[in-house]
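*Asks:* Take a look at this one; I'll ask things after.
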Amino acid sequence: MNTFTTTTEFNAIDKILSNYETKLKNIRNDLQQLDSKFKEVSGSTKNTIK
Numbered sequence: 002m003n004t005f006t007t008t009t010e011f012n013a014i015d016k017i018l019s020n021y022e023t024k025l026k027n028i029r030n031d032l033q034q035l036d037s038k039f040k041e042v043s044g045s046t047k048n049t050i051k
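Numbering (the numbering used here), first residue to last: 2 to 51.
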């Protein structure tokens, strides 16, 4: 089995990984926004219950 990759193959793999990295960053941002919204909602609920 040839373990050496060509520059073209490496660039293709690099592009795929870069796309996944971008997608994961977007998911992370979405989760942070949802977490903030949830904290706002749960905080306002706690205040209402008191």
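All C-beta atoms, glycine included, are put in the ideal place defined by N, C-alpha and C.
For residue 6 and residue 18, I'd like the C-alpha separation in whole angstroms.
*Replies:* One-based indexing of the sequence shown puts residue 6 at position 5. One-based indexing of the sequence shown puts residue 18 at position 17. So the two alpha carbons sit approximately 16 Å from each other.
*Asks:* So, with DSSP's three-state summary, where would you put residue 7?
*Replies:* In the sequence shown, residue 7 corresponds to position 6, counting from 1. In this structure, residue 7 counts as coil in the three-state DSSP scheme.
*Asks:* Quick check: what's the CA-CA separation for residue 26 versus residue 8?
*Replies:* To locate residue 26, count along the sequence shown from 1; it is residue 25. To locate residue 8, count along the sequence shown from 1; it is residue 7. Using only the alpha carbons, I get a separation of about 26 Å.
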